[in-house]
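Enquirer:
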Amino acid sequence: MQWENLTAKDFPGAVKKAKGVCVMALGCIEKHGEHLPVGSDMFAALHLAREAAKLEPAVVFPPYYFTQIQEAKHQPGTLAVSQEVMWKLLLECCEEISRNGMKKIILLNSHGGNNYFLPYFVQMMLEKQRDYVVYCPPLAGYRGEEMVQEAVTDKKFKKGKKQPDMHGGHKETAIHLATIPNLVKMQDIVPERGRDLNRMGSLSEVMTPVFWYARFPHHYAGDARPATAQAGEMILEMRIRAVARIIKEVKADTVAPRLMKEFYAKTRHKFF
Ligand SMILES: [Zn+2]
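The sequence shown maps to residues 16 to 287 in the working numbering.
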């Protein structure tokens with residue numbers, strides 16, 4: 016069910032099997048500590064999408080990585096396109112998915128830098144009438160229940176150490192050890208670079224464009240050293256199940272398409 020692996024002849028059958036659901040795995044190309052490949056987020060999102068689609072059929076969009084990552088431009092290998100390109104490309108891809116018969120699009124994001132961009136993108140879908148719905152689950156596709164389970168699993172592998180675990184940290188690294196071990200360079204980890212520098216601590220709760228840079232200029236946040244492939248596999252199992260559940264729910268959803276139609280009809284202000 017990977018879009019790019021299908022023949023044109025088989026494509027309509029896949030759309031039917033997916034009941035018109037397409038999953039866009041959204042990553043980016045940016046530094047992930049000294050030890051993970053710059054494509055880490057893209058690999059993670061694609062793995063989740065492809066494995067979940069095996070449990071609950073959906074067409075998985077080809078690898079996509081032109082999303083929001085201005086904050087890593089000072090690091091080698093980053094691909095940070097302008098907001099106009101980023102916006103237009105995602106929108107046009109959604110239009111193309113719809114033109115190919117899929118009217119439900121799941122934006123499966125695995126990059127924290129998209130946490131502001133994607134909800135805004137989804138909200139702006141109301142700008143004009145569309146014949147499709149975009150669905151945006153939380154980061155990496157997992158929700159409350161899975162997060163609790165994951166925290167329990169996580170504890171087992173943290174060996175009692177208290178440390179932040181974000182970008183390139185032990186959880187993310189564990190996932191990559193389980194999926195792309197040949198691309199992970201544990202020997203290159205520089206532990207002190209994962210510390211929160213908190214350089215804007217005097218401005219509590221205020222966001223500035225350099226909020227991330229002020230904390231983690233090395234694009235590494237946490238401590239990857241306790242990561243194991245075994246932990247990665249356990250985390251993945253939970254996340255894949257969670258994403259499969261989201262696909263199932265989206266497939267069954269009749270409310271969002273109906274309400275969108277109703278909403279657009281009302282915006283025409285027939286009451287004047
Ligand atoms: Zn990222």
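Built from N, CA and C at the ideal position, the CB exists for glycine as well. Here the structure is a predicted model, which means the values were calculated and not measured.
G148 lies in the beta strand (DSSP E); which residues open and close that run?
Expert: The question names Gly, but residue 148 is Val in the sequence shown. Here the beta strand (DSSP E) through V148 covers V148 to Y150.
Enquirer: Using three-state DSSP, classify L218 as helix, strand or coil.
Expert: It is coil, neither helix nor strand.
Enquirer: Hey, which residues come within less than 5 Å of ligand 1, measuring from Cβ to any heavy atom, in chain order?
Expert: Any residue whose Cβ sits closer than 5 Å to a heavy atom of ligand 1 makes the list: D56 and H126.
Enquirer: Compute the minimum distance between the beta carbon of D238 and the heavy atoms of ligand 2, and state whether it is under 8 Å.
Expert: This structure lacks ligand 2; its bound ligands are ligand 1.
Enquirer: Is it buried or exposed for Y80, if we count other Cβ within 10 angstroms and need 16 for buried?
Expert: Looking at its Cβ environment, which holds 16 or more other Cβ atoms inside 10 Å, Y80 is buried.
Enquirer: Kindly indicate the opening and closing residues of the alpha helix (DSSP H) around V100.
Expert: Where V100 is concerned, the enclosing alpha helix (DSSP H) stretches over Q98 to R114.
Enquirer: Do you know whose CA, among T243, R256, W102 and E142, lies nearest A193's CA?
Expert: Minimum Cα distance to A193 is reached at T243.
Enquirer: Run the CB neighbour count on Q202, radius 10 Å, all protein chains shown included, and call it buried at 16 or more, exposed below.
Expert: With fewer than 16 Cβ atoms within 10 Å of its Cβ, Q202 is classed as exposed.
Enquirer: Exposed or buried, Q83, counting other C-beta atoms within 10 Å across all chains shown (16 or more means buried)?
Expert: Looking at its Cβ environment, which holds 16 or more other Cβ atoms inside 10 Å, Q83 is buried.
Enquirer: Taking the continuous alpha helix (DSSP H) assigned at L251, which residues delimit it?
Expert: From DSSP, the alpha helix (DSSP H) with L251 extends over A244 to A267.
Enquirer: Quick one: give me the first and last residue of the beta strand (DSSP E) that A236 is part of.
Expert: Careful: A236 lies outside any beta strand (DSSP E) and carries neither H nor E.
Enquirer: Just to confirm, are V30 and G116 a CB contact at a threshold of 9 Å?
Expert: Against a cut-off of 9 Å, the Cβ pair of G116 and V30 comes out as a contact.
Enquirer: Here's the rule: buried if 16 or more other CB atoms are within 10 angstroms of the residue's CB, otherwise exposed. What is V205?
Expert: V205 should be labelled exposed.
Enquirer: From P134 to C43, what distance separates their C-alpha atoms?
Expert: When rounded, the distance between both Cα atoms is 17 Å.
Enquirer: Run the CB neighbour count on F58, radius 10 Å, all protein chains shown included, and call it buried at 16 or more, exposed below.
Expert: Per the 10 Å Cβ criterion, buried.
Enquirer: Sorted by chain position, which residues of the same chain lie with C-beta nearer than 7 Å to V75's C-beta, five sequence neighbours on each side aside?
Expert: Excluding positions up to five away in sequence, the list reads M16, Q17, W18, V38, A40, A64, R65 and A68.
Enquirer: Report the CB separation of Y150 from V53 in whole angstroms; it is logged as a contact under 8 Å.
Expert: Y150 to V53, Cβ: 28 Å. No contact.
Enquirer: Do R214 and R230 have their C-beta atoms within less than 9 Å of each other?
Expert: Against a cut-off of 9 Å, the Cβ pair of R230 and R214 comes out as a contact.
Enquirer: Using three-state DSSP, classify I84 as helix, strand or coil.
Expert: In the structure shown, I84 sits in coil (DSSP, three-state: anything other than H, G, I, E or B).
Enquirer: If you check the beta carbons only, do R208 and G48 fall under 9 Å apart?
Expert: Yes; because the gap between Cβ atoms is below 9 Å, this pair is in contact.
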